[in-house]
Every structure is written in structure tokens, then in C-alpha cells.
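To start, the structure under review is shown below, and the notes come after it.
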Amino acid sequence: MTSLDDLPLRDELRGMTPYGAPQLDVAVRLNTNENSYPVPEAAVAEMEKALGSVLRDLNRYPDRDAVALRTDLAAYLGHGLTGKNVWAANGSNEIQQELLQTFAGPGRVALGFTPSYSMHPLLAAGTGTTWVDGRRGDDFALTAEHAVAKVRETEPDLVFLCSPNNPTGTALPLEVVEAVAETAPGMVVVDEAYAEFARAGTVFALSLIQRYPRLVVTRTMSKAFALAGGRLGYLAADPAVVDAVQLVRLPYHLSAMTQAVARAALAHTDALLSTVDAVKEQRDRIVETLRGWGLPVADSDANFVLFGAPGGDSKGAWQALLDRGVLIRDVGLPGWLRVTAGTPDETSAFLNALEELL
């Protein structure tokens, strides 16, 4: 049989593995940071109505610029943004890929600070961009001084920042983003996929877009809006950035159905975001309980928690929890595991299983 070694792969892709988490049929799945609460029935009804309005016209291409959707997203974000500040695509991953295609690529450099979202270096490799790892401290923190020093050292064409950071869950102080935006010679991309789950008082980079024309904020409807299956991510930036990204976007990349569902969801923002506080309550419950048991836990502004595995054995603890019907995430950090905050029953199942290991 033909193997990958027999194909003329690009050299930088050899030895890599596809991104992905195990999709196993277990009672409690808390490994992919999905929102465990289903879409409210009232919103489902509106989505069905919206789909019905476009199904008869599927013989026609959708609005390739998604103007109405971008206008709705801008209204949701606020901060004086308009549809010209927003671009949407099939998940924030496609948005970030388009940014790399536009501003990075062969002969150019992207800088990130791991442990962070593992797709960023994969997207860099896929676009032929040289990836430089600026590394975070042993406590997973990222200071303005360290970030600026790495920017000056590498002179990257694109910098990735995560706030809240995945897999650690902690939001960045705004001064870190400001310092990088002041220093970076190229684009600065702040991945805010989990922003809606942040603790009170957290300030995000959306407030800086008017000041920094090379600053881009990426977000998603997969998490807080419970639309992971809908595949809708977006960016907010200076209108010139939106114009630039459209140079590489695929024709008609957002289906009419995706646009219709996303717009229906945005029309019912209050209902869809009503579960955010419930998720945050379970997140804080996990943090408090695990710290009470003496386990190290990272501060979380997201819908997940990074914690120290019992005995430092992340692989053994992951398997033991799976044996008890609870699937969480081994993110590849020795001695650490990540769990999504689910419903109260799912959270109880996780905590009970983990307590057995202790």
C-alpha cells in the first residue's frame, strides 16, 4: 500500500500528524471545549425558518462577501465597529489561515508563545511560514517584557497571541497586547475564541483596533454561542485588513445555509449566551474543588480548566478517567490535563471519577 513516505509531500509536512482530539463514544465528553448545552428551542425554530428561506435558492451562489452577516457581527461586537471592520469564514481556523496566506507565507516568519493553541504552528506550516516559538514562562504566564523582547529578536511578519490562552485558559493583560502592537513590525493577531467566558473585569483587544491598524482580533461562534457544528468564525480589524484578506479567500467560501443560521443566532444572542454563566459556574466549581484537593490549577477565563494530573502522570490519569467513562484532553504538557466545563451532571461525573484516582 502507498504510504505518506511514497508521496511528494513538502518537506516541512513530513513527520507531522493532523490536528484533532479523540472522538470516542463515552458517557461524558469534556475534551474539545464545546458548549455542553444545546441550542435553545426558540433559537432552533428561528434557524429552521432561516434555512427554509434559502433552501429554494441553493441553485444560486451565496453572497460571497456575506455583507449582512458581517453587519450583524459588527453590531454584536460594538466598539464602534461596522461591517467593513469584520470578515467571516468557516471557523476562526480558516480566518487565521487566510491571515497567514495574506501576511506571511514562504520567506516570512510567524511568532507564537507556547503552550498555546496547537493549530497556529500547523497553520504556519501549511502556508509555508517559518514558525518561531517564543515560549511562555514555567508558570504559563506571558509578560510584556518577554513578548516584546522576542518580537525585537525575531522581527516577525505576524504574531499570534491568545487571550484567553488555550490550553491554559488565562486571559492576557491588555498591556501585553498593547506592548506587542507598539513593537511588532508586521501583523498582530489576538485569538479571543473564549472571550465571552472571561471573568469580570477582563478587557479585550477589541478596544484597541481603532488605535492599531495592524491589529486583528479573531473570534468564533463555536463556543459561547454553542454553534460548533455551524463552523462560523470571524475577525475584527481595520477595513484595510478585511480588504487584504479577501485577496486570498476562496470563492463563495461561506454557504448560504451557514450565513442564514449564523444571522438567526445573532438575532437571538441573549438566548444563546444564556448558558455562559452556567458554564462559568461549573468552571469555577472545578477550579475550587481541584485546588481544595491540592492539585495545581491554572487561572481560567475560558470554558475549560488546565490542572495538574494526580501524581504528575497525565497519560495514566487520562486513561483512568476514560476507563470511568469520562473523556478529557491530554494536551501534550507533561503532568497536565485539560477538562471542559460541562453541565452540572457532567462536571460531577468528572469530579467523582477524579476523586477516585486521588
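For what it's worth, my numbering labels the leading residue of the sequence shown as -13, then goes sequentially.
Cβ coordinates follow ideal geometry from the N, Cα and C atoms, glycine included.
Thinking C-alpha only, which one of THR329, THR204 and GLY294 is nearest ARG315? GLY294
In the DSSP assignment, find the unbroken alpha helix (DSSP H) run with VAL176 in it and report its ends. That residue, VAL176, is in no alpha helix (DSSP H); its beta strand (DSSP E) goes 173 to 177.
Are GLU84 and VAL228 close, meaning C-beta to C-beta below 8 Å? no
Residue closest to LEU218, alpha-carbon to alpha-carbon, out of ARG205, THR169 and ALA226: ARG205
Coil, strand or helix - LEU158 by DSSP: coil
Could you check whether LEU128 and VAL162 sit closer than 8 Å to each other, using their CB atoms as the reference points? yes
Of the choices THR100, GLU141, LYS70 and ASN71, whose alpha-carbon is the least far from that of ALA90? GLU141
Pull up the DSSP beta-bridge partners for PHE119, would you. According to the sequence provided, residue 119 is Asp. The question's Phe does not apply to it. Partner(s): GLY98.
Taking the beta carbon of ARG122 as the centre, do at least 16 other beta carbons fall within 10 Å, making it buried, or is it exposed? buried
Backbone CA spacing between GLY38 and ALA242 [nearest angstrom]: 11 Å
Count the other CB atoms, across all protein chains shown, that sit within 10 Å of the CB of MET33; report buried if there are 16 or more and exposed otherwise. buried
C-alpha distance - SER(-11) paired with PRO107, whole-angstrom precision: 24 Å
Going residue by residue through the segment 217 to 243, where are the continuous alpha helix (DSSP H) segments of at least 4 residues, counting only ones entirely within it? 225 to 231
Going along the chain, which residues of its own chain have a beta-carbon closer than 8 Å to the beta-carbon of PRO406, five neighbours each way excluded? Any property of residue 406 remains undetermined from this structure, which presents the chain solely from -13 to 344.
Rank PRO92, LYS70 and ALA96 by C-alpha distance to the C-alpha of GLN82 and give the top, closest one. ALA96
Are at least three pairs of beta-carbons, each pair with one atom in the segment 270 to 279 and one in the segment 108 to 122, less than 8 Å apart? no
Can you find at least 3 beta carbon pairs, one from the segment 159 to 179 and one from the segment 142 to 149, that sit closer than 8 Å? yes
As an exercise, report each continuous alpha helix (DSSP H) stretch of at least 4 residues that is fully enclosed by the segment 15 to 50, in chain order. 27 to 41
Is LEU281 helix, strand or coil when you go by DSSP? coil
With DSSP run on the structure shown, which of helix, strand or coil describes ARG271? helix
Give me the Cα-Cα distance between GLY278 and GLU341, rounded to the nearest whole angstrom. 11 Å
Do ALA13 and LEU240 have their CB atoms nearer than 8 Å? no
Could you check whether the Cβ of PRO26 sits closer than 8 Å to any Cβ belonging to chain B? No chain B is part of this structure, which consists of one protein chain only.
Spatial distance of ALA157 from ARG46 (CA atoms): 42 Å
Just reading off the beta strand (DSSP E) that THR255 is part of, what are its end residues? THR255 -> not in any beta strand (DSSP E); alpha helix (DSSP H) instead, spanning 255 to 258.
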